[in-house]
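Okay, so here's the structure we're looking at.
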Amino acid sequence: MTSTSSDETPRQVHLAAHFPGVNNTTVWADPRSRSQIDFTSFEHLARTAERGLFDFFFLAEGLRLREHKGRIHDLDVVGRPESITVLNALAAVTDRLGLAATVNATFNEPYETARRFATLDHLSRGRAAWNVVTSSDAFTGENFRRGGFLDRADRYTRAAEFVDVARQVWDAGAERAFRHAGQHFTVEGDLGPARPPQGHPVVIQAGDSDEGREFAASAADVIFTRHGTLEAGRAFSADVKGRLARYGRAQGDLKIMPGVTFVLGDTAEEAQEKAAEIRRQQVSPQNALLTLEQVWGVDLSAYDPDGPLPDIDPVPGTGLSQGRTHRGDVFELAEKWRALSRDKGLSIRQTVIETTRRQSFIGTPAAVAAEIDTFVQAGAADGFILVPHLTPGGLDEFVDQVVPLLQERGVFRTEYTGTTLRSHLGLPVPAPCHERIPTA
Amino acid sequence: MTTRPAGRRSLHLAAAVDLPDTYEAEPYERAVRLAEHGALDFVTLHDSFAAPGPDGLAVLSRLAPRTTRIGLVPTVTTTHTEPFHVQAAVATLDWVSRGRAGWRPDVSTGAAEARLFGRRDPADPAALWEEAGDVVDAARKLWDSWEDDAEIRDVATGRFVDRDRLHHVDHEGPTFSVRGPSIVPRPPQGHPVVVVDAGSPHAAEAAARHADVALVAEAEPDRLAAARTALRRRAAELGRDPDALRVLAALRIDLSAGERAARPGHGGGPLPTEDGPLYRGGPVDLADLIADRHRDGAADGFHLTPLDPRRDLERLVNATVPLLQHRGLFRTFYPGSTLREHLGLARPVNQYATAGERR
Ligand SMILES: Cc1cc2nc3c(=O)[nH]c(=O)nc-3n(C[C@H](O)[C@H](O)[C@H](O)COP(=O)(O)O)c2cc1C
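For the protein sequence lines, the chains are L and C, in the order given.
Going by our numbering, the first residue of the first sequence is number 1, and it counts up by one from there.
Going by our numbering, the first residue of the second sequence is number 1001, and it counts up by one from there.
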C-alpha cells in the first residue's frame, strides 16, 4: 500500500513509538514513571505499540553520558541498555511490530553492523530497522578504538559508504563474495550472513544538515525529523522529496516522520493545562539554568531561574557542556531567546520551556486525530514518531483513544496486512544489487 | 587450597546449542528450553565472524523472554569488535534475562576475518588473547562504573543519579582505551559470568586471570585433573580465590548408541579427536563417566557439545540428567534465579564502591 493520494483513498498515517528512555522527556518524578532499564518497561511500550498497530518501535542511542562543567549530568534520566540486544528480546514478545535501533556509523564497522541487523531481521522475521546516525565528536570518541578523529565534514561520507557496504553484505548473503574498496573502508569476504527476510532492513536517517538531507534522499527509507509544524513540515518534505529524483527514486520511497509529543485531555483546556504542567516538570529550575549554560558556555549558577535572562554575551566553544551541545551560532540563539523573553515577559525557566518544546499535539483525542490527519493529507509528514512523556505507560491512552478515531477517519490500518516492516511502510523488497540493472 | 569433601561439591552441567546455518529463532528455542527442562546451569552458543550463522548474543537475547532460569552464554569475540559495545551488549543480555547472562570471549586470528573489517592485520594468538583479557578487564570496570545504587530519583534536589556513584574508568590498554562510564547501568549479576575456553596456553592464562568458568578439553582423567589444578594454582598466584573459578570438562557427545555404550562400560572413555575429546556411547554410560570424574575431583562439571544437536541434547536431558538426579548428584530444580547462583559464585563487589562509605 503506498500513500500517494488518489481520489478515493486518503493518504495513510504511519505511526511509530519512541521509547522515552533518557533526557528530560520522561517525567521521572511522576509516580507512574517506572524503570528506564528493566525489560518489563520495553515490553510494555512495545506491546502497547503493537496493540495500536504501529509501524515500529524506536530506540535512540547515546554512547557517552553527557557532562556539564566537567561532571556527569545528573538531572535527567540516563542509563539505557544496548538497543539491538533489547530489540532481539522484544522480537520474542511481539509479532508484527517493526523494531528500529539507532546505531552510529562513526563508531562502528560496516560488516559487524550489517551482520547484527541481518540477524535481527531474521530473528524477527523481517521487522528490523536501522537509524543511521553520524555524531562524530571527540568526546564520544574517547570510548572507542578509533577515537574521535572523524571530521564533521566527513561524517556523512563515511555514513553513506557504511550503508553502501552494509547493503553489499546483505545482498551477498551466504552465497556470494563481496568486495569494497573506498575512501573509508576496504572490506571483503567470501560470504556473509544469510540474506535478511526484508532484503535490506529499513534504513532511517536522522540529521538535518544539507549533507544529512542528501544522504537521506540517496539512501534512507524513512527520515526521523524534528520539523513537526505544518509549515516547517511541508517545506522540509518538499526539500527532501525534491532530491529523490536525482537518485532515481519515487516520492513514496522515502517516508517523513517527525518526532512529536502529545497530551490528551477531556477538553482542550484540560489538555493545555496538563501540557503546561508536564513542561514545568520536564524543565526544572536546575534544568533551565543548565540548558542556558549549554548555550552561553559559561557558569550561570548565580542567576535566578525565575528571573530575567543574562545580558552578557555567550562564550562559544568552551566545552562547558559535552555530549549534547548546541551547534550553530550561539550569539544568534542567545539574542533570539532574549528577545522572546523581553517581548513576552518570560523568566529564564519560562523561556527554556518555550524554546525547547518540540511539536506537540495537545487536545482532545478527536482534535489530535484530526490534526494528525490534516498534517498527513497536507503532505507535511507521512506519519509521526510519538515520544510519550511517561516510561513505559505513556502510550496507553493514545492507543486506546486516538488510534480508533484515526481508524474511523479511514487513515490508519485496522489490522496488519503484512508481516514485515517494509510491508507496513509500503516499501518494496529491494532486489539484490547483482540482479539490478546497471543504470550508468 | 581448600577442596570440599569429594562427592559433596555440586555438579555443574552446561551444553552447547550450536545449530549450523540456522537463522530462525525456533530451533534454538527448542534446544534452550530443553536444556532448561534439564536444569542445566547454562547453554553456550558459539559465534565467529569466520563462519556463517547469526550473531550469537542476538540469538540468546531473543530467547531470554522465552526462558526463565537457564544461563545464556554467547561467544563474543574481542579482536575486531569495540570493547565498549561488547560490554554494553553483554550487560544488556543480563538485563533482558534478569541475571542469566554469561560471555565467552574469543579471538579472531584469521586473515579472512581481518579482511571483513579491513582495519587491523591478523595477529598471533598470544597478542590477541592478551588483548581479550584486557577487554574483559575493561568490561568489568565498565560494569562497575555505575554503582548499584547510583540511580536515586531524588525529587527534592531534582537529581536522577548520584554522580558520585558513577565513575570514569579511564582504562588504557595497549590496543584501546575507554573513558567510561558505561551507558548501561550495572547489570543484575554485577558482572555477567565470564567463560573462557582454556584450550591453548594463552587462553589458559587468560582463564586463570579473568574467568569465572574455564572449559578444559582433556580426555584423560589425570590430565583433566592436572589442568584443573594448574588453573586453580595459577589463579591463586594471581591473587584470586581459586574457589571462585569453576573448571568444566569440555566434551563432545555422540549418544547415538543405545542405553549403554557399544563397548560395555566406559573403559575406553572419551576419545581424543581434532576437535577435542569425543564421548561416543549411551546416555547411561555418560552418566557414569560424569559421576566418576566429578567424584574424583577432576572437574567441577561438564560442558557438553552434542554432535547431533537435535538427537544428543534430547538424550542428555531425558536420560543422562535424570540418572544423575536420581543418584543425588545433580539438582532437580533451580534453587536460584541467576547464573551466578546456579554456579555458586558470589555477586562481585563493585571495585569503585569504597568500603565504609557504603551501607
Ligand atoms: C530527530 C533526530 C533524532 C536523532 N537521534 C539521535 C540518536 O538517537 N543518537 C545520536 O547519536 N544522534 C541522533 N541524532 C543526531 C543526528 O544523527 C546527527 O548526528 C546530528 O543531527 C548531526 O547531523 P546534522 O548536522 O546532519 O544534523 C538525531 C537527530 C535528529 C534530527
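Heads up, the beta-carbon is just placed ideally off N, CA and C, and yes, glycines get one too.
- Close to Glu161 of chain L, with beta-carbon spacing below 9 Å, lies no residue of chain C; the smallest spacing is near 12 Å.
- For Arg243 of chain L, same chain residues with a beta-carbon under 7 Å away, outside a window of 5 residues either side, are Arg213, Glu214 and Ala217 in chain order.
- Judged by DSSP secondary structure, Asn131 of chain L falls within the beta strand (DSSP E) whose first and last residues are Ala128 to Val133.
- In the DSSP assignment, the residues bridged to Ser360 of chain L are L:Thr261.
- In the displayed model, Val368 of chain L falls within a helix according to three-state DSSP.
- Separation of the CB atoms of Ser1337 of chain C and Gly1099 of chain C is rounded to 6 Å, and the pair is thereby assigned contact status at 8 Å.
- When DSSP states are grouped into helix, strand and coil, Ile72 of chain L belongs to the strand group.
- A distance below 6 Å between beta-carbons, with the five flanking residues on each side excluded, links Ser209 of chain L to no residue of its chain.
- For Ile84 of chain L, at least one C-beta of chain C is nearer than 8 Å to its own C-beta.
- Comparing C-alpha distances from Glu415 of chain L to each of L:Phe54, L:Ile37, L:Pro10 and L:Thr40 shows the shortest one belongs to L:Phe54.
- Taken through DSSP and simplified to helix, strand or coil, His1210 of chain C comes out as helix.
- DSSP places Ala1198 of chain C in the coil class of the three-state scheme, outside both helix and strand.
- Secondary structure remark: continuous alpha helix (DSSP H) runs of at least 4 residues inside the segment 1123-1191 of chain C, in chain order: 1125-1144.
- Interface residue (Cβ-Cβ distance to chain L less than 8 Å): Ile1183 of chain C is classified as such.
- Glu1151 of chain C has a beta carbon lying within less than 8 Å of a beta carbon in chain L.
- Listed in chain order, the non-local C-beta contacts of His44 of chain L below 6 Å within the same chain comprise Pro392, local neighbours out to five positions each way being set aside.
- DSSP places Glu188 of chain L in the strand class (E or B) of the three-state scheme.
- Counting along the chain, Leu1045 of chain C sits inside the beta strand (DSSP E) bounded by residues Phe1042 to Leu1045.
- Assigned with DSSP and collapsed to three states, Pro1242 of chain C falls in helix.
- Residues of chain L with a Cβ closer than 9 Å to the Cβ of Pro1052 of chain C are, in chain order, Ala174, Leu191, Gly192, Pro193 and Ala194.
- Listed in chain order, the non-local C-beta contacts of Ser301 of chain L below 7 Å within the same chain comprise Leu289, local neighbours out to five positions each way being set aside.
- Contact between the segment 168-177 of chain L and the segment 141-156 of chain L is absent: fewer than three C-beta pairs spanning the two stretches fall below 8 Å.
- Distance from the CA atom of Ala1156 of chain C to the CA atom of Pro285 of chain L, rounded to whole angstroms, is 12 Å.
- Distances taken from the Cβ of Asn104 of chain L to the heavy atoms of ligand 1 include one shorter than 7 Å.
- Only residues of its own chain outside the window of five on either side were considered, and among them Ile1152 have a CB closer than 7 Å to the CB of Arg1159 of chain C, listed in chain order.
- In this structure, Ser237 of chain L has its beta carbon at no less than 7 Å from each heavy atom of ligand 1.
- Contact between Gly379 of chain L and Pro388 of chain L does not hold, since their C-beta atoms are separated by about 26 Å, which reaches or exceeds 8 Å.
- Residue burial is scored here from C-beta neighbours: His434 of chain L has fewer than 16 other C-beta atoms within 10 angstroms and is therefore classed as exposed.
- Boundaries around Gln205 of chain L are those of the beta strand (DSSP E), Val202 to Ala206, since no alpha helix (DSSP H) includes it.
- Taken in chain order, the unbroken stretches of alpha helix (DSSP H) that lie wholly in the segment 37-125 of chain L and span 4 residues or more are 39-51, 83-91 and 110-123.
- Chain order gives the chain C residues near Ser284 of chain L as Gly1158, where near means a beta carbon separation below 9 Å.
- Thr134 of chain L is positioned such that its CB atom lies closer than 8 Å to that of Arg155 of chain L.
- Bridge partners of Tyr1279 of chain C according to DSSP: C:Ile1253.
- A direct Cα-Cα distance of roughly 12 Å separates Pro1309 of chain C from Val1043 of chain C.
- Chain C has a Cβ within less than 8 Å of the Cβ of Trp28 of chain L.
- In this chain, the alpha helix (DSSP H) harbouring Gly1056 of chain C covers Gly1056 to Leu1063.
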